[in-house]
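When you read off a place in the sequence shown, starting at 1, and then add 3, the result is the number in my numbering.
No residue lacks a Cβ here, since even glycine has one placed at the ideal position from N, Cα and C.
Below is one structure, written out as structure tokens, with a few remarks after it.
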Amino acid sequence: MFVWLFLLMVLGLGLLVGGYAYTFWKHRRHPPLHRRWWVLGTAACALGYTHTLAYGLALTRPTGLCGQRTLDNDYPLTHVRVDAFPPRLACYWSDSALHGPSHPTAAGTWLMWCGAALLVAGAAAWAVSLDLPIPRWARAGMILAPVTSAVLWIRQVVPLMSLPTIDLQNECFRWQVAHLQSAPSGELATTKRTLMPPAVECVFADGTANLISFEAFGLACCLAVFLLCCATPLLRMPSAVAGVPRARPYR
């Protein structure tokens, strides 16, 4: 517990120092908006990643960092999972199948994701500000659609794809409890994972459920938006060529 409080204090101090440094740079340089977002995003990503890796002692002592859930150990720790990217420490307790694991590195991880969002927003603002014949919404979509699909893949698909079989079965059980009215009521028979199209399926005795059906639909929508944005300049090209006056032949 003292390690958590100390690292949160260090994180707050880093945010304070970074805020003063950013204010001084902004008033002295007067940079454009997208460059400000790039600087803020880079600093937030670096600080969040550093703060999360400060728990890196969890790579060697993850069980000690998770600690004890209650004083009388009502919900003992079953296992610990450490992910390198995005950096995350998850503590799984005996009741995590119903309520999910706890994440001591949540503060640094969320700060890193906020920094990534600022970087993407800065890139979109820079693309919109360019003087190009492509519509602004198409330029922004060429950046936002792939980034949105990457976030869906990293945040929702990859964690389920990489889960051990026992943890995936617990996820299926938790999904079944959360959807009692519509979920199959039979026992879990097996689990299936496919990459293309992405699917993580829980095969029950009386039906099958895909845990990432909404994520797969979101990925398909992102692909459609990206293709539409890329095709927009080609669709506008015939009209632009038709409006160009033809040169008179030389006599």
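(request) Using beta-carbon positions only, say whether ALA141 and THR235 come within less than 8 Å of one another. (result) For the purposes of this step, residue 141 is taken as the residue at position 138 of the sequence shown. For the purposes of this step, residue 235 is taken as the residue at position 232 of the sequence shown. A contact, by the Cβ cut-off of 8 Å.
(message) Between LEU121 and ALA47, how many whole angstroms is the CB-CB distance? I'm expecting something under 8 Å.
(response) Here residue 121 corresponds to residue number 118 of the sequence shown, with the count starting at 1. Here residue 47 corresponds to residue number 44 of the sequence shown, with the count starting at 1. Contact between LEU121 and ALA47 holds, since their C-beta atoms are separated by about 6 Å, short of 8 Å.
(request) Let me know the secondary structure DSSP gives HIS82 once reduced to three states. (result) Your numbering for residue 82 matches position 79 in the sequence shown. In the structure shown, HIS82 sits in a strand (DSSP, three-state: E or B).
(message) Please classify HIS106 as buried or exposed, where buried requires at least 16 other C-beta atoms within 10 Å of its C-beta.
(response) The count along the sequence shown starts at 1 and reaches residue 106 at position 103. It counts as exposed.
(message) Nearest by alpha-carbon distance to LEU214: which of CYS233, PHE229, ARG177 is it?
(response) Within the sequence shown, residue 214 is the residue found at index 211, counting from 1. It is ARG177 whose Cα lies nearest to the Cα of LEU214.
(message) Using the Cβ count rule (16 or more neighbours within 10 Å means buried), how would you classify SER216?
(response) Numbered from its first residue, the sequence shown carries residue 216 at position 213. So SER216 ends up on the exposed side.
(message) Do CYS175 and CYS205 count as a contact pair if the criterion is CB distance below 8 Å?
(response) For this step, residue 205 is matched to residue 202 along the sequence shown. For this step, residue 175 is matched to residue 172 along the sequence shown. Result yes, Cβ atoms of CYS205 and CYS175 sit closer than 8 Å.
(message) Can you check which of these residues, THR26, VAL20, LEU230, is closest to LEU147 by C-alpha distance?
(response) Counting from 1 along the sequence shown, the entry for residue 147 is found at position 144. Nearest of THR26, VAL20, LEU230 to LEU147, Cα basis: LEU230.
(request) Could you spell out where the beta strand (DSSP E) holding GLU204 opens and where it closes? (result) Here the question's residue 204 lines up with position 201 in the sequence shown. Segment 202–207, the beta strand (DSSP E) holding GLU204.
(request) Give the straight-line distance between the Cα atoms of LEU10 and TYR95, rounded to the nearest whole angstrom. (result) Within the sequence shown, the letter at position 7 stands for residue 10. Within the sequence shown, the letter at position 92 stands for residue 95. C-alpha of LEU10 to C-alpha of TYR95: approximately 22 Å in a straight line.
(request) List the endpoints of the continuous alpha helix (DSSP H) containing ALA119. (result) As a first step, residue 119 must be located in the sequence shown, where it is residue number 116. 109–132 is the extent of the alpha helix (DSSP H) around ALA119.
(message) For PHE220 and LEU133, I'd like the C-alpha separation in whole angstroms.
(response) Along the sequence shown, one-based indexing puts residue 220 at 217. Along the sequence shown, one-based indexing puts residue 133 at 130. Cα-Cα distance, rounded: 32 Å.
(request) Quick one: residues in its chain with C-beta nearer than 8 Å to the C-beta of VAL42, no 5 flanking neighbours on either side, listed in chain order? (result) Reading the sequence shown from its first residue, position 39 is the one you call residue 42. So the list reads TYR25, TRP28, PRO34, once near-sequence residues are dropped.
(request) Assign LEU237 to buried or exposed, taking buried as 16 or more other Cβ atoms, counted over all protein chains shown, within 10 Å of its Cβ. (result) Position 234 of the sequence shown, counted from the start, is the residue given in the question as residue 237. So LEU237 ends up on the exposed side.
(request) Provide the residue(s) that pair with LEU19 in DSSP beta bridges, ordered along the chain. (result) To locate residue 19, count along the sequence shown from 1; it is residue 16. Looking at the DSSP assignment, LEU19 forms no beta bridge with any residue, so it has no partner.
(message) So HIS37 and TRP129 are supposed to be a Cβ contact under 8 Å. How far apart are they, rounded?
(response) Position 34 of the sequence shown, counted from the first residue, corresponds to residue 37. Position 126 of the sequence shown, counted from the first residue, corresponds to residue 129. Going by Cβ atoms, the distance from HIS37 to TRP129 rounds to 4 Å, so yes, they are a contact pair.
(message) Going by beta-carbon coordinates alone, are GLN172 and LEU198 separated by less than 8 Å?
(response) Taking the sequence shown and counting its residues from 1, one reaches residue 172 at position 169. Taking the sequence shown and counting its residues from 1, one reaches residue 198 at position 195. No, the pair does not count as a contact, with Cβ atoms beyond the cut-off.
(message) Report the CB separation of GLY144 from CYS232 in whole angstroms; it is logged as a contact under 8 Å.
(response) If you number the sequence shown from 1, residue 144 lands on position 141. If you number the sequence shown from 1, residue 232 lands on position 229. 4 Å between Cβ atoms; contact.
(request) Determine which residues share a DSSP beta bridge with ARG91 and list them. (result) The count along the sequence shown starts at 1 and reaches residue 91 at position 88. For ARG91, DSSP records a beta bridge to ASP86.
(request) Put GLY51 into one of helix, strand or coil per three-state DSSP. (result) Here residue 51 refers to the residue found at position 48 of the sequence shown. It is helical.
(request) Taking 8 Å as the cut-off, decide whether the C-beta atoms of ALA119 and TRP40 are in contact. (result) As a working note, residue 119 is residue 116 in the sequence shown. As a working note, residue 40 is residue 37 in the sequence shown. Cβ atoms of ALA119 and TRP40: not closer than 8 Å.
(message) Give me the residue from ALA227, ALA57, LEU19, ARG196 with the minimum Cα distance to SER152.
(response) Locating residue 152 in the sequence shown gives position 149, where the first residue counts as 1. Ranking ALA227, ALA57, LEU19, ARG196 by Cα distance to SER152 puts ALA227 first.
(message) I'd like to check one pair, THR168 with THR194: are the Cβ atoms closer than 8 Å?
(response) Position 191 of the sequence shown, counted from the first residue, corresponds to residue 194. Position 165 of the sequence shown, counted from the first residue, corresponds to residue 168. Taking 8 Å as the Cβ cut-off, THR194 and THR168 qualify as a contacting pair.
(message) Need the endpoints of the alpha helix (DSSP H) that ARG177 sits in, please.
(response) Stepping through the sequence shown from its first residue, residue 177 is reached at position 174. Element bounds for ARG177: 168–181.
(request) Indicate the three-state DSSP secondary structure (helix, strand or coil) for LEU231 in the structure shown. (result) Looking up residue 231 in the sequence shown gives position 228. The answer is helix: DSSP assigns LEU231 an H, G or I state.
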